[in-house]
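Structure, as structure tokens:
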Amino acid sequence: SHTDAHSQTKVKFALDWQIQGPQAPFITAKASGAFAGQGLDVTIDRGAGSQKTIEQVATGTYDMGYGDINSMIEYNVKNPRDPLIAVGIVLNSPPFALLSLKKYGIREPKDLKGAAIGAPAGDAPRRLWPIFAKNAGVPADSVTWTNMAPPLREPAPVKGDVKAISGFYFTGFLNLTENLKVPESEVVAFNYSEYGIDLYGNAVVVRADWLKANPETVRKFLAALNTGFKQVLKDPKAAIAHIKAAEPLANEATELKRLQLAISANMVNDEVKKHGLLGIDPARMQRAIDQVVASFELPSKPTVAQVFTGAYLPPASERKID
Amino acid sequence: MKALAEVSLEIPRGATVAFVGPSGCGKSTLLKLVAGLLAVTGGAVVVDGRPVTGPLKNVGMAFQNPVLLPWRTVLDNLMLPLEILRENGDPRAGDRQTWRDRALTLLDTVGLAGAGDRQPRELSGGMRQRVSLCRALIHEPALLLLDEPFAALDAFTREEMWELYRELRRAREFTGVLVTHDLREAVFLAQTIYVMSSNPGSVAHVHEVKMASPRTLEQLFSAEATELIRLMREQIRPRREALA
Amino acid sequence: MKALAEVSLEIPRGATVAFVGPSGCGKSTLLKLVAGLLAVTGGAVVVDGRPVTGPLKNVGMAFQNPVLLPWRTVLDNLMLPLEILRENGDPRAGDRQTWRDRALTLLDTVGLAGAGDRQPRELSGGMRQRVSLCRALIHEPALLLLDEPFAALDAFTREEMWELYRELRRAREFTGVLVTHDLREAVFLAQTIYVMSSNPGSVAHVHEVKMASPRTLEQLFSAEATELIRLMREQIRPRREALA
Amino acid sequence: MTTRSRRIVLPLLIFGALLLLWEAAVPLFRIQQIVLPAPSGIAHTMVVTAGPIAFHARHTLVTTLIGFGAAVGLGLLLGFAIGASATVRDALYPLLVAFNSIPKAAVVPLLVMWFGIGAVPAVLTAFLLAFFPVAVNVAVGLATLEAELSDVLRVLGASRWQIFRKVGVPRTMPLFFASLKVAVSSAFVGSVISETVASNAGIGYLMAVAASDFNTRLAFGGLFVLGAMGVLLYGVFAVIERRMTAWAYAD
Amino acid sequence: MTTRSRRIVLPLLIFGALLLLWEAAVPLFRIQQIVLPAPSGIAHTMVVTAGPIAFHARHTLVTTLIGFGAAVGLGLLLGFAIGASATVRDALYPLLVAFNSIPKAAVVPLLVMWFGIGAVPAVLTAFLLAFFPVAVNVAVGLATLEAELSDVLRVLGASRWQIFRKVGVPRTMPLFFASLKVAVSSAFVGSVISETVASNAGIGYLMAVAASDFNTRLAFGGLFVLGAMGVLLYGVFAVIERRMTAWAYAD
Ligand SMILES: Nc1ncnc2c1ncn2[C@@H]1O[C@H](COP(=O)(O)OP(=O)(O)OP(=O)(O)O)[C@@H](O)[C@H]1O
Ligand SMILES: Nc1ncnc2c1ncn2[C@@H]1O[C@H](COP(=O)(O)OP(=O)(O)OP(=O)(O)O)[C@@H](O)[C@H]1O
Ligand SMILES: [Mg+2]
Ligand SMILES: [Mg+2]
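Protein chains in written order, with this note's numbering: chain A, 2 to 323; chain B, 1197 to 1440; chain C, 1197 to 1440; chain D, 9 to 259; chain E, 9 to 259.
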């Protein structure tokens, strides 16, 4: 990065959330010099939620961002004039989950009937609840939702304000067990992916017109991200060291666990092992779009090509992991 | 800075004393000390046999600048003492109507009939001074402290006020302490006149006014009164020159 | 409410006129009208041949209540006119040092030598009045409006102030308008005296003071002066009774 | 035009002009709806959603007024204590200031943790935001009381409490009412913040939901409703102020 | 004890007593750390994290002061305009009030959308929160100016602007400085709010990180730092106030 900074292309990049374990691919790509090696000078800002990031990229405040692809689909349908497009998937399995505690006697989704569930209004799993409920055979209107900001979410079931919460599995599970000291055996989790919800999770997104104007920048960015991603998978501990350097307030042990949880549950699955990092399976993407459109009750349905392009990814061979 | 040197004097109950002296010699300060509004830094003020440590309770006071509460009408300003007395369970507090009548009578006496509903800011300087005087009188205090209460009045209104004071005194006993620049006023109203001097303020001369009370305005033209006024003029003049 | 009935009068340049009359008859109001501080509701005020529509610029004014800016020392209060004049590019604004000297001289003249650094709240009533007078004089205005400027002063200080006024007038020409309750003061200082009456305020009598100027205090004891004062007393008295 | 009607017409005119400018600017500069929707679109959404908006607005209003009432009570009390006694001022003031420097948005999660989700934290937040301006202004008013005004009562044998009531309170009224106007706005802000963080009703909640739906029109509509309600509350206290403190305003 | 030392010792004593009570209550009522950590634990965390805390505190301070400075400038200007001209007041005031009733926390997302994450939205939020109290107090001060004070200058031929400077400003100083103390706290609150949602540095950011980690000790530590900084800023303006407006305080 200490090469001639002036000749480097500047990129403003927004994360989905704070700098934590699961954000390691981006932080590592920057810290290890992968971005600089591609001639990019990337500024990484934290995000205020994976849905907010979509807005910030859409408005041009940021060149690129790391946000929820499902929110992006919704945004595109509602704002057809300036669509975004995803160029690389980082969370291949969506981390969406409902979490509850054994003490409420909830063993399976049916038991949620009549319960109050807490989540922020924009929470993706909360908004996808209707389709989860359908798949799990629970009437969608048999629960009540309580609005709460993210930091209030995990304490709520512990204190008894609500019986369950929705959220990202790795975040919620770790917050409950690590921070709130709930025994792991007490936690009940319903992962959406286990209920026929085949969505993708967070992706690198960019405005379609910006992509057209800066194809090389996107290509280089993804190449560097691929390098960083692979380094993270190979040595999560080293990745956490980069996280700690970028955010001295981070707790290394917790973030390592969070990262490992994200890797095993969301970043690496059979599809990734088969096709490589950052890419998609078009058939699955089609199913995902169908589900999002149904769940969000969207007026029109975009095509796979409008949602994702793999054209700027490094060759599959470079994205392959063992 | 020391505004007043040791001043020691005694005012007999029921008498009226006057303080005269050059501007800035400490008359207003002295009055505030007597009222207990200022704390003495040395020495003591004794009123009614008791040393003054805080504000006195049974006094009526009119300040050099008439201070009316700007958010109350003239009448409501006059009702102020009633409110305080009544809340403090003072036996002198009668019912509201009696006080209203008394207030209206007083306003009439000082030539302000009909001004009861006006706002203080609508009054002229002399009118405010008269309202302030009424407020000092309305609860019939045993001690009346007046700081140039008639300075902003024309000669005739002023003389009418002198007569008003005289009538009040005749009707009811109270002790009066009067600060004034008008030597005729002092002679007309007081039994004892203290001539003060500056730097620091102190009592330079004491005069007993021998004329019988109650007095008439004609008595002011008597040889005795004229001579006393002339004498006090002389006593004040050299003091000022010494100051300069 | 109408405070003043039609009042029409002309003040010759360089003369001093005095307004006397019962309290509340509208003297202060008249002065503020002349200064342009109040807007006329009917009629017109003409100063120097031009109708007054806003505050006049070249006047010195001392109010009945001495208004000093409480956040400035005495000296800084006196420097106020300089600051305004200088900012407005007035040729009379000299350098700061000259003004300082002038302020100190003036303070000395009114018996307040050494008070320049004091705060207004530390002054007695009469001292404030004198400071306010100095502020009205310091920029040597062509028109001087004084509302009972000497009311809070003892007789001697007051007479010294009269003499000060006389000396100032002798040294420099200016037009003076004086409101006062002191008939001797009016006779000593003014060439014309207007006796006002109330309800609504209007000029009831006009007196030319025939005595030669500049005058001496002794002249106040002359038959002419004594007679004029007696006459004006009578003129004011019945008015008040008519009011009551 | 009378002063009264001018007070209503003038700001509406300016407001209308601003809206027109805005309406024109949106297509002119090709501003995305997500960045800044056109006023006409916002108005349309507001009309369509009038029912829910009214419901949530009422909820916010009630919450605000309860918190505000409590704040005025405590603010007066504190302001009096601080303005009247140097010891109390020296002891309490720095702590109050410290407390006031803590963004209430940061305290809301704690309040929710302690009192659960719903109206209680909203009322408390409103209260916490509103009492400080009242206390400060009352304290300043009492501390800058002209000595002569209270001397008038002191020589009547009035107690400190009586002087406070008869002179301190009326003299401080202009400041007190000025502070009420500020405080009612603050209370309003407080309840909305709290509703945004954790509530199932109120304009704050409405805006949080709108934001999560990419419904910027409704979110802006919420802002307008907040502004209108703020003006209304402010107006009520401005009228009361004029009534109570006419003497302090030279006109 | 001198007044000066009393001003420092008294609040510290009370603060200490409160801390002790708190420390004792936590084990006594078996309060969970997530609900309320003990002060000793908070202190420990603060010492351990002193480096980052100092860094973030400095960032917040700079942001606050820039926003505050701008707010004072505009607040004075607006307050003057509103206090001096009835037309301006009638036209602008309701709009200002409406604007002030909009919780700035709700505006931050918009600011972020327009200016991105970082110091700019924080400065702007600080500014937006701080200018209103300044403007209101200055306007009240000017509107309640005693006519006689300005008459003194009017007869000297002073312009409105001169009267404003020579009488209006000093007469309004006690109110202006009272408002500065409030405004600097508000500015501080504003920058922290903004940092919480949209910044990579500052105490607000620190608290957001702590909250998302459920590091309640650090979050409370952040609150203490905010309180301390608030008192400091307030203290500075209180000292300036005393210097400038001693004449208004009878003692
Ligand atoms: N708050 C104060 N601080 C310092 N000095 C003061 C204060 N108040 C009054 N003084 C000084 O004390 C002296 C006496 O003042 P005081 O008001 O008693 O005079 P006075 O005799 O009433 O004068 P006047 O006749 O002009 O009203 C004056 O020299 C004045 O400057
Ligand atoms: N702002 C006002 N509103 C209504 N009436 C007023 C106002 N100011 C003065 N007045 C009335 O106008 C009349 C004249 O007042 P002004 O102050 O001119 O009297 P003055 O001759 O100076 O009396 P004094 O000798 O007592 O000072 C009085 O009756 C007074 O009540
Ligand atoms: Mg005096
Ligand atoms: Mg007058």
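For glycine and all other residues, C-beta sits at the position ideal for the given N, C-alpha and C. Bear in mind that the values here come from a model prediction, so they are computed numbers and not experimental data.
When you compare each of A:Ile74, A:Val139, A:Ala190 and A:Arg82 to Pro35 (chain D) by their alpha carbons, which one comes out closest?
A:Arg82
From this set, C:Val1213, C:Gly1217 and C:Ala1367, which residue's C-alpha is nearest Ser1398 (chain C)'s C-alpha?
C:Gly1217
Which residue's Cα is closest to the Cα of Thr209 (chain A): A:Tyr105, A:Thr310 and A:Ser94?
Looking at the sequence provided, one finds Ala at residue 209 (chain A) rather than Thr. When each option's Cα is compared against that of Ala209 (chain A), the closest is A:Thr310.
Write down the C-beta distance between Ala15 (chain A) and Tyr67 (chain A) rounded to the nearest angstrom, noting that I regard them as a contact closer than 8 Å.
7 Å
Output the distance between the C-alpha atoms of Lys174 (chain D) and Gly87 (chain D), rounded to the nearest integer angstrom.
So the alpha carbons of these two residues sit roughly 16 Å apart.
Which class does Arg1436 (chain C) belong to by DSSP, given the choice of helix, strand or coil?
Any reading at Arg1436 (chain C) is ruled out, since the residue's pLDDT is 45, under 50, leaving its predicted position unreliable.
For Thr1305 (chain C), which residues of its own chain have a beta-carbon under 7 Å away from its beta-carbon, when the five flanking residues on both sides are left out?
Leu1360
Shorter than 8 Å from the beta carbon of Gln1260 (chain C) to some beta carbon of chain B?
At least one C-beta of chain B is nearer than 8 Å to the C-beta of Gln1260 (chain C).
For the region 1388–1416 of chain C, which residues have a CB atom closer than 7 Å to at least one CB atom of chain B, in sequence order?
none
For Leu265 (chain D), would you say it is in contact with chain E, using Cβ-to-Cβ distances shorter than 8 Å as the test?
Here chain D covers residues 9 to 259 and nothing more, so residue 265 (chain D) does not appear.
Quick one, are the C-beta atoms of Gly198 (chain D) and Lys112 (chain D) less than 8 Å apart?
yes
Quick one: what's got a C-beta closer than 7 Å to Thr180 (chain D)'s C-beta in the same chain, skipping five residues either side?
These residues qualify, in order along the chain: Val146, Gly149 and Leu150.
Among C:Ser1394, C:Glu1356, C:Arg1331 and C:Gln1315, which residue has its Cα nearest to the Cα of Ser1219 (chain B)?
C:Glu1356
For Pro315 (chain A), collect the residues of the same chain with a Cβ closer than 6 Å to its Cβ; drop the 5 residues on either side in sequence, then sort them by chain order.
Ala224 and Asn227
Taking the alpha carbon of Phe172 (chain D) as the reference point, which residue from D:Leu157, D:Pro182 and D:Ile211 has its own alpha carbon closest?
For the residues D:Leu157, D:Pro182 and D:Ile211, the minimum Cα distance to Phe172 (chain D) belongs to D:Leu157.
Identify, in the order they occur along the chain, each residue of the same chain with its Cβ nearer than 7 Å to the Cβ of Ala65 (chain E), setting aside the five sequence neighbours on each side.
Ile211, Val233 and Met237
Taking 8 Å as the threshold (beta carbon to beta carbon), is Leu161 (chain D) in contact with chain B?
yes
Work out the CA separation of Asp199 (chain A) and Phe123 (chain E) for me, nearest whole Å.
36 Å
Could you have a look at Asp259 (chain E) and say whether DSSP puts it in helix, strand or coil?
Here Asp259 (chain E) scores only 49 on pLDDT, less than 50, and its place in the model is too uncertain to base an answer on.
Considering only C-alpha positions, which residue in the set D:Leu188, D:Leu240 and D:Asn208 is nearest to Ala78 (chain D)?
Nearest of D:Leu188, D:Leu240 and D:Asn208 to Ala78 (chain D), Cα basis: D:Leu188.
Please list, in chain order, all residues of the same chain as Gly49 (chain D) whose beta carbon is under 8 Å from its beta carbon, the five residues on each side excluded.
Gln41 and Arg225
With distances taken from CA atoms, which of E:Val217, E:Ser194 and E:Leu18 is nearest Ala94 (chain D)?
E:Leu18
Since Ser1393 (chain B) is in the beta strand (DSSP E), which residue starts that stretch and which ends it?
Ser1393 (chain B) -> beta strand (DSSP E) spans Thr1388 to Ser1393.
Is it true that the CB of Ile118 (chain A) sits closer than 8 Å to the CB of Asn203 (chain A)?
The Cβ-Cβ distance between Asn203 (chain A) and Ile118 (chain A) does not fall below 8 Å.
Is Ser1224 (chain C) a contact residue of ligand 2, with contact defined as CB to any heavy atom under 7 Å?
yes
Got a sec: which bits of the region 12–34 of chain D sit with their beta carbon under 7 Å from any beta carbon on chain E, in order along the chain?
So the close ones are Arg14, Arg15, Leu18, Pro19, Ile22 and Phe23.
Can you find the residues in the same chain that come closer than 8 Å, C-beta to C-beta, to Gly106 (chain A), ignoring five residues on each side of it along the sequence?
Asp112
Does the beta carbon of Met1323 (chain C) fall short of 7 Å from some heavy atom of ligand 1?
yes
Leaving out five residues on either side along the sequence, give the residues of the same chain with a beta carbon under 6 Å from the beta carbon of Val190 (chain D).
Pro141
Which value, in whole angstroms, describes the spacing of the CA atoms of Thr10 (chain A) and Thr218 (chain A)?
8 Å
Identify, in the order they occur along the chain, each residue of the same chain with its Cβ nearer than 7 Å to the Cβ of Ala295 (chain A), setting aside the five sequence neighbours on each side.
So the qualifying residues of the chain are Ile132.
Excluding the 5 residues flanking Leu119 (chain D) on each side, which residues of the same chain have their C-beta closer than 6 Å to its C-beta?
Pro129 and Leu132
Please name the residue or residues paired with Asn1284 (chain C) in a DSSP beta bridge.
Note: Asn1284 (chain C) sits in no beta bridge, so no partner.
Can you tell me where the alpha helix (DSSP H) holding Lys112 (chain D) begins and where it ends?
Lys112 to Phe123
Is it buried or exposed for Ser193 (chain E), if we count other Cβ within 10 angstroms and need 16 for buried?
By the 10 Å Cβ count, Ser193 (chain E) comes out buried.
Taking Cβ to Cβ, would you say Thr1388 (chain B) is nearer than 8 Å to Val1402 (chain B)?
Cβ distance < 8 Å, so Thr1388 (chain B) and Val1402 (chain B) count as in contact.
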